[in-house]
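> Pasting a structure here, questions to come.
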Amino acid sequence: MNTRTLLTLPLTLTLGLSLAACGGGSRPAGFAATLPPPPPLQSAYAAPSATDGAIYSAAQGYAPLYNGNRASQVGDLVTIVLIDRTVTSKATSGKTSRDGSAGLTLPDFIGIGQEDLSASAGSTFNGSGTAAQTSTLRGDLTVTIAEIRPNGTALVRGEKVLNLSQGEEWVQVSGIIRLADIDQDNRISSIRVADARISYSGKGAVQQAGKPGWLSRFFAAVSPF
Numbered sequence: 001m002n003t004r005t006l007l008t009l010p011l012t013l014t015l016g017l018s019l020a021a022c023g024g025g026s027r028p029a030g031f032a033a034t035l036p037p038p039p040p041l042q043s044a045y046a047a048p049s050a051t052d053g054a055i056y057s058a059a060q061g062y063a064p065l066y067n068g069n070r071a072s073q074v075g076d077l078v079t080i081v082l083i084d085r086t087v088t089s090k091a092t093s094g095k096t097s098r099d100g101s102a103g104l105t106l107p108d109f110i111g112i113g114q115e116d117l118s119a120s121a122g123s124t125f126n127g128s129g130t131a132a133q134t135s136t137l138r139g140d141l142t143v144t145i146a147e148i149r150p151n152g153t154a155l156v157r158g159e160k161v162l163n164l165s166q167g168e169e170w171v172q173v174s175g176i177i178r179l180a181d182i183d184q185d186n187r188i189s190s191i192r193v194a195d196a197r198i199s200y201s202g203k204g205a206v207q208q209a210g211k212p213g214w215l216s217r218f219f220a221a222v223s224p225f
C-alpha cells in the first residue's frame with residue numbers, strides 16, 4: 001500500500017461515516033428508544049373461563065352487559081382524542097440585607113487626646129425570577145390495546161408518523177385507560193388516560209430553524225455572564 005492510498009483511506013472512512021449518519025434512522029436521536037415494543041400476539045381462540053352469571057367477576061374483571069363492537073381485547077383499536085392544555089408559571093424573589101459596625105477608642109498614651117476608630121460594612125441582595133410555559137395539543141390518535149388487566153383497565157400505546165414537505169413529525173401516546181370509558185365509537189378523551197406519556201418530536205428544516213447554531217451554543221457555554 002503506497003503513501004497515496006494511506007492518505008486516501010482516512011478521507012474515505014470519514015465520508016462514509018458522515019453519509020451513514022445523515023442517512024441513518026429516520027427518527028431523531030433519543031426518540032426511538034422511547035418507542036414501546038409491539039403488543040404480544042395472542043391466539044385467535046381462548047378457552048372460556050368459568051363465570052357465575054354476574055356482570056363482574058374476579059377472573060374477568062369488568063364485563064359490560066352489552067359490549068357490541070366496543071374495543072375490549074388485546075389488539076383492538078382505540079382512538080384517543082387529544083385534548084391537552086398545560087399552563088405552568090413560577091415566580092420567585094429574594095431580598096437580603098446585612099449591616100455591621102464596630103468602634104474602638106484608643107487610650108491617651110502621649111497626651112494627644114483620645115482617638116476613635118470606627119468601621120462599618122453592609123451588603124444588600126435583591127433577586128427575582130419568573131418562568132411561564134404554555135403547551136396545547138389537539139388531534140386524534142388511534143392506538144392499540146397492548147394489555148388487559150383484571151381490574152377493567154388496559155394498557156394502550158401507539159404512534160403516528162407524519163411525512164411533511166419540510167420534514168417529519170412523530171406523535172407517540174401510551175397510558176392506562178378504563179374499558180368502561182370507551183364510547184360506542186371506540187373513542188376516549190386523553191384526560192381519562194392515566195400515566196399518560198405523550199411524546200412529540202420532529203426532524204427537518206422547521207425544527208432546525210428553532211435551534212441556535214453551534215457557534216451560539218459555544219459562546220453560551222463559555223460565557224461567565
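Position 40 of the sequence shown, counted from 1, bears residue number 40 in this note's numbering, the numbering being contiguous throughout. Think of the CB as a built atom: it goes at the ideal place given N, C-alpha and C, for glycine as much as any other residue.
What separation, rounded to the nearest whole angstrom, lies between the Cα atoms of Ala196 and Gly122?
52 angstroms
> Just to confirm my understanding: we take Gln172, look at its own chain, exclude 5 residues before and 5 after, and list those with CB closer than 6 angstroms. What are they?
Glu159 and Ser199
> Taking a contact to mean a Cβ-Cβ separation below 8 angstroms, would you say Thr130 touches Gly75 in this structure?
no
> Give a yes or no on whether the C-beta atoms belonging to Leu82 and Ser190 are separated by under 8 angstroms.
Contact: yes.
> Taking three-plus beta-carbon pairs below 8 angstroms as touching, is the stretch 177-188 in contact with the stretch 145-154?
In short, these stretches touch, since the Cβ pair count reaches three.
> Compute the distance between the beta-carbons of Val156 and Gly175, then report whether it is under 8 angstroms.
yes
> Once DSSP output is grouped into helix, strand and coil, what is the label at Ile182?
Reduced to three states, the DSSP call for Ile182 is coil.
> May I ask you to report which of helix, strand or coil DSSP gives Ala71?
coil
> Let's see if you can read the secondary structure: which residues bound the beta strand (DSSP E) around Ser191?
Before going on, a small fix: residue 191 reads as Ile here, not Ser. Element bounds for Ile191: n/a, residue is neither H nor E.
> Could you tell me how far apart the beta carbons of Gly127 and Ser93 are, in whole angstroms, since I believe they sit closer than 8 angstroms?
With a contact defined as Cβ atoms closer than 8 angstroms, Gly127 and Ser93 qualify at about 7 angstroms.
> So, at 8 angstroms on beta carbons, what are the nonlocal neighbours of Ser165 in its own chain, with the 5 sequence-adjacent residues on each side left out?
none
> Run through DSSP, which three-state label would Arg217 get?
helix
> Tell me which residues share the same chain as Thr153 and place their Cβ nearer than 6 angstroms to its Cβ, disregarding the 5 neighbours each side in the sequence.
If we look at Thr153 and ignore the five residues flanking it on each side, its Cβ neighbours are Ile176 and Arg178.
> Measuring CA to CA, which of Ala221, Val222 and Arg187 is closest to Ser72?
Relative to the Cα of Ser72, the nearest Cα in the group Ala221, Val222 and Arg187 belongs to Arg187.
> Drop a sphere of 10 angstroms on the beta-carbon of Gly100, count the other beta-carbons inside from all chains shown, and report buried for 16 or more, exposed for fewer.
exposed
> Tell me the rounded alpha-carbon separation between Ala221 and Lys95.
28 angstroms
> I think Thr79 touches Thr136, with their Cβ atoms under 8 angstroms apart; what is that distance to the nearest whole Å?
Between Thr136 and Thr79 the Cβ distance is about 19 angstroms, and since that is not below 8 angstroms, they are no contact.
> So, is Val193 buried or exposed, given that buried needs 16 or more other C-beta atoms within 10 angstroms?
buried
> Rounded to whole angstroms, what is the Cα-Cα separation between Val87 and Glu169?
23 angstroms
> Report the option in Arg85, Arg70, Ser97 and Ala132 whose CA atom is closest to the CA atom of Ala91.
Ala132
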